[in-house]
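Peer 1:
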DNA sequence: CCAGACGTTGTT
DNA sequence: GTCTGG
DNA sequence: CCAGACGTTGTT
DNA sequence: GTCTGG
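Rendered as structure tokens:
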């Protein structure tokens, strides 16, 4: 699955990689946890241009009575996303790119867990396959939230964990964002991508969701040589 | 018909 | 909102 | 994902 | 054990 990730690259790198004109200032996020505000790109039906959009991580479907459901909907399995009531509408017309440049997975080692950090070999930022929703709270205020699609782990990630987030190829960003593309077979064909990943163990400081320092993504000194 | 769920992961 | 279960 | 709370009454 | 918060 994907329960933590990072976005620490420059505004310039984001503007270039995702072809958006204006990227607002934001603080580097070494340790992004569910419920936090995250950077995304979406394309609305009314808007022709893709736009940078901040969202809350944890999908709150438009029909939800309570925003707490968002804590459970941080991931959507690609194998079932077109069937599940919570995701069925969003997969058709409310897809987004969730901006990241690395992600964490935890490996169970007996009683303890060891976090690992994954990134692209070229260190470039990338887009997770995401879905978004609008939700109005009881005071009528709009909340925009999102979830990350997951798939079976590839060869690299499987050494640590059974599931991994879906990283889209830059060549399909436009189609993924196009809300008029509603054919589920075509949509699901877009997620076929298996980029080479670099992985190393990191400090368990990252376990604490409020810890947001550069050493989150540094290789652990006493590296566990199992990979 | 109404009521209740709507999710993933990991562990047992 | 929409589907499933009773 | 992991960490941390999980409760009420009454008094300060 | 289960839920909430980050």
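In the numbering used here, the protein residues as written are 208 to 434. Don't be surprised by glycine CBs; every beta carbon is placed ideally from N, CA and C. Note that the coordinates shown come from a computational prediction; the quantities given were computed from them, not determined experimentally.
Going by DSSP in three states, residue 291 sits in which element: helix, strand or coil?
Peer 2: coil
Peer 1: Start and end of the beta strand (DSSP E) containing residue 380?
Peer 2: First-last for residue 380: 380–384, but that is the alpha helix (DSSP H), not the beta strand (DSSP E).
Peer 1: Whose C-beta lies closer than 6 Å to the C-beta of residue 216 among residues of the same chain, with five residues either side of it excluded?
Peer 2: 308, 332
Peer 1: Comparing alpha-carbon positions, which option in 232, 286, 297, 369 lies nearest residue 383?
Peer 2: Closest option to residue 383, judged by alpha-carbon separation, among 232, 286, 297, 369: 297.
Peer 1: For residue 232, I'd like the list of residues in its chain whose CB is within less than 8 Å of its CB, leaving aside the five on either flank, ordered along the chain.
Peer 2: 218
Peer 1: Please identify the residue among 223, 250, 315, 414 whose C-alpha is closest to the C-alpha of residue 240.
Peer 2: 414
Peer 1: Quick one: give me the first and last residue of the beta strand (DSSP E) that residue 333 is part of.
Peer 2: Looking at the DSSP string, the run of the beta strand (DSSP E) that includes residue 333 is 333–343.
Peer 1: Could you give the C-beta distance for residue 353 and residue 214, rounded to a whole number, given that I count them as a contact under 8 Å?
Peer 2: Actually they are not in contact, since the Cβ atoms of residue 353 and residue 214 sit about 14 Å apart, beyond 8 Å.
Peer 1: So which of 277, 302, 212, 224 has the shortest CA-CA distance to residue 251?
Peer 2: 302
Peer 1: Count the other CB atoms, across all protein chains shown, that sit within 10 Å of the CB of residue 345; report buried if there are 16 or more and exposed otherwise.
Peer 2: exposed
Peer 1: For residue 347, count neighbouring C-beta atoms within 10 Å of its own C-beta (all shown protein chains included) and say buried if the count is 16 or more, exposed if not.
Peer 2: exposed
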